[in-house]
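**Q** Pasting in a structure now, in C-alpha cells, and then I'll have a few things to ask.
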Amino acid sequence: MALQRNGNHCKNSKPVVCDPKVIVEDVYVPEIVPVVHPVEIVQRIHCVPVPVHHVVVCKRVEYCGFDR
6 MALQRNGNHC KNSKPVVCDP KVIVEDVYVP EIVPVVHPVE IVQRIHCVPV PVHHVVVCKR
66 VEYCGFDR
C-alpha cells in the first residue's frame, strides 16, 4: 500500500483553492451633524391712546344777602 497524505491515496494531488467569497458587513456609526434652526423675534410696539383725566378746580366766593 502506498503512503497516505492527509487521507488521500494519491501522493501528487494538489489542493484546489477556490475564489474567496466576499461577505460585506455594513456597520453604521452615528455621526453628530449640527442642525441650526434660526429664530428671529420681532417686537412690534403699538402706541395706544389712553385718556388721563385732569380735574381743574376753580373756586369763586359770592356774598349773598346784605347790601352795603
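Using our numbering, the letters of the sequence shown map in sequence onto residues 6 to 73.
Each residue gets a CB set at the ideal place from its N, CA and C atoms; glycine is no exception.
Do you know offhand how far C63's Cα is from C69's?
**A** Approximately 19 Å between the Cα atoms of the pair.
**Q** Can you grab the Cα-Cα spacing for the pair R65 / Q48, in whole Å?
**A** Spanning the two alpha carbons is a distance of roughly 52 Å.
**Q** CA-CA distance, H42 and E30?
**A** Roughly 36 Å between the two C-alpha positions.
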